[in-house]
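One structure below.
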Amino acid sequence: MIRKNFVKVEAAFMEKEGEAMYQIAICDDQQSSIDELVRNLNYYREKHNTDILEIPYQNPDGLLHDIERGIHFDIIFLDIEMPMINGLEVMRELAGAQVDSIIIIVSSHLQYSIEAIELKVFRYLMKGCEEEMFERYLTAALKEVDVAKEDKYTISTARKKILINCEDIIFCYKESKMSVMVTRNETTKERKALNKLLTDLQEICDYFIMVERGYIVNMHYIEKICGNEIRLRKSAQTIPIGSTYDREVKRALNEFWRKRK
Numbered sequence: 020m021i022r023k024n025f026v027k028v029e030a031a032f033m034e035k036e037g038e039a040m041y042q043i044a045i046c047d048d049q050q051s052s053i054d055e056l057v058r059n060l061n062y063y064r065e066k067h068n069t070d071i072l073e074i075p076y077q078n079p080d081g082l083l084h085d086i087e088r089g090i091h092f093d094i095i096f097l098d099i100e101m102p103m104i105n106g107l108e109v110m111r112e113l114a115g116a117q118v119d120s121i122i123i124i125v126s127s128h129l130q131y132s133i134e135a136i137e138l139k140v141f142r143y144l145m146k147g148c149e150e151e152m153f154e155r156y157l158t159a160a161l162k163e164v165d166v167a168k169e170d171k172y173t174i175s176t177a178r179k180k181i182l183i184n185c186e187d188i189i190f191c192y193k194e195s196k197m198s199v200m201v202t203r204n205e206t207t208k209e210r211k212a213l214n215k216l217l218t219d220l221q222e223i224c225d226y227f228i229m230v231e232r233g234y235i236v237n238m239h240y241i242e243k244i245c246g247n248e249i250r251l252r253k254s255a256q257t258i259p260i261g262s263t264y265d266r267e268v269k270r271a272l273n274e275f276w277r278k279r280k
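The number in the working numbering is simply the position in the sequence shown, starting from 1, with 19 added.
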């Protein structure tokens, strides 16, 4: 059953791949509660012209399994009283796995609110609330999602979404048909031409430059230029400067530091 649901989720992401959207999970053992949330999301989607993909779960194990498999949700609407795992325990598991989804509890009972707040729930929504309150809470959550995505590069596939803080990217290089991003903590690959990656990064921030046909460098990490090589901070790597890039690299670097004086 869990595997079947994962396939459905994967298919939904494949259908929407490449589109800008908010990915929202609904986890509630009662189908009527799921239906109510879907109606509210549909109303919000039409009123605000917002691209939302919602995935329902009646079993919290299915939600946790999909997240473990790499599915990312921006927002999770989560019931508390469920027969297998209650919503508070789900929140603990998500926190332990460092999942950064925004959690909105949807419950018929107020007695769990203090514990939910201690677990850093974003909002506590009573079932059957007015549409105005639902709209207000969802708007606030979407704004939080937007802020979290600022200065972040997104890799979206059919199975998952990866957010990378642009400031953490030290340099990028070409490896066959892949672009490889080297960050402070890890290395991430994406099937994309290096020139296209540079364009996408420069749409987010102004500190990436191509220094050789196969290399992009974050100018924050340039320690010094020695001849035709760049020495990087926080990395033992030296990056070659292509002869046709030399003048533009020095010009861009001077401009970069001039703006930050």
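We put the beta carbon where it would ideally sit given N, CA and C, even for glycine.
- In this model, R155 and I189 are separated by some 39 Å (Cα to Cα).
- The beta carbon of L272 sits closer than 7 Å to the beta carbons of M238 and I241 from its chain, once the five residues preceding and following it are set aside; these are given in chain order.
- When the Cα atoms are used, D54 and T158 turn out to be separated by approximately 20 Å.
- CA-to-CA, the gap between A212 and A116 works out to about 32 Å.
- Boundaries of the beta strand (DSSP E) harbouring S126: I121 to S126, taken from the DSSP string.
- If you keep only unbroken alpha helix (DSSP H) runs of at least 4 residues inside the segment 164–246, you get 213–223.
- A Cβ-Cβ distance of about 12 Å is found for the pair C148 and F96, leaving them out of contact under the 8 Å criterion.
- Comparing alpha carbon positions, the residue from F227, N68, V268 and R270 closest to D187 is F227.
- Annotation: the segment 36–122 contains the following complete segments of the beta strand (DSSP E) (minimum length 3 residues), in chain order: 41–46, 71–76 and 94–97.
- In the DSSP assignment, E274 falls within the alpha helix (DSSP H) that extends over D265 to K278.
- By the neighbour-count definition (other C-beta atoms within 10 Å, threshold 16), S126 is a buried residue.
- Here F153 has N59 as same chain residues with Cβ atoms under 6 Å from its own Cβ, once five neighbours each way along the sequence are excluded.
- Around the beta carbon of S51, fewer than 16 other beta carbons sit within 10 angstroms, so the residue counts as exposed.
- In the structure shown, the three-state DSSP call for R252 is coil.
- Shown here, Y131 sits in coil according to DSSP, grouped into three states, outside any helix or strand.
- Residue pairing of I258 in beta bridges, as defined by DSSP: I249.
- It is roughly 37 Å from the alpha-carbon of L144 to the alpha-carbon of N204.
- DSSP places L144 inside the beta strand (DSSP E), whose first and last residues are R142 to M145.
- Looking only at L217, D119, L107 and K269, the smallest Cα-Cα distance to E137 is reached by L107.
- A167 has its alpha-carbon roughly 18 Å from the corresponding atom of D219.
- Of the residues R210, L113 and N247, the one whose Cα lies closest to the Cα of R266 is N247.
- In chain order, C46, D47, D48, S52, G106, V125 and S126 place their CB closer than 7 Å to the CB of D98, counting only its own chain and leaving out the 5 sequence neighbours on each side.
- Nearest C-alpha to N214 among V201, C191, C224 and T202: C191.
- Secondary structure of E137 (DSSP, three-state): helix.
- When DSSP states are grouped into helix, strand and coil, E150 belongs to the helix group.
- Straight-line measurement puts the Cα of T206 at about 32 Å from the Cα of Y76.
- Beta-carbon to beta-carbon, V164 and I122 are separated by about 12 Å, too far to satisfy the 8 Å threshold.
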